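Colleague:
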Amino acid sequence: MEKNSGVGRSSVFVAMEMALQQIEANGTVDVFNVVRQMRNRNPNVIKSEEDYFLCYQIIQSVASEEENYENLKY
1 MEKNSGVGRS SVFVAMEMAL QQIEANGTVD VFNVVRQMRN RNPNVIKSEE
51 DYFLCYQIIQ SVASEEENYE NLKY
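Taking UniProt numbering, the leading residue of the sequence shown gets 1, the next gets one more, and so forth.
1. Output yes or no for whether 8 Å exceeds the beta carbon distance between residue 11 and residue 38.
2. Taking one C-beta from the segment 42-51 and one from the segment 12-31 each time, how about it: are there three or more such pairs within less than 8 Å?
3. Please name the residue in 16, 7, 41 whose C-alpha comes closest to that of residue 60.
4. Please list the segments of the alpha helix (DSSP H) lying wholly inside the UniProt domain "Tyrosine-protein phosphatase" (1-62), counting only runs of 4 or more residues, in order along the chain.
5. Rounded to whole angstroms, what is the Cα-Cα separation between residue 28 and residue 22?
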């Protein structure tokens with residue numbers, strides 16, 4: 001995970017919070033668009049492939065643990 005003044009870990013956390021809110025509201029999530037929205041404010045967020053992969057792993061983990069997310073599209 002990239003570390004630009006703590007941006008790496010913090011940005012993954014914020015992205016996942018936004019993604020979970022999107023899931024609750026729509027039943028779907030688009031990580032690319034979540035990150036794009038974040039980059040409108042700060043271009044240094046989620047810059048590495050590792051950060052993206054971690055985001056998808058977290059979503060997959062949450063989806064597999066929650067019955068409400070069994071039909072989740074991501």
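Virtual Cβ for every residue (Gly too), placed ideally from N, Cα, C. None of these values were measured; they are calculated from a predicted model.
Modeller: Looking at the atomic coordinates:
1. yes
2. yes
3. 16
4. 7-26, 31-41
5. 7 Å
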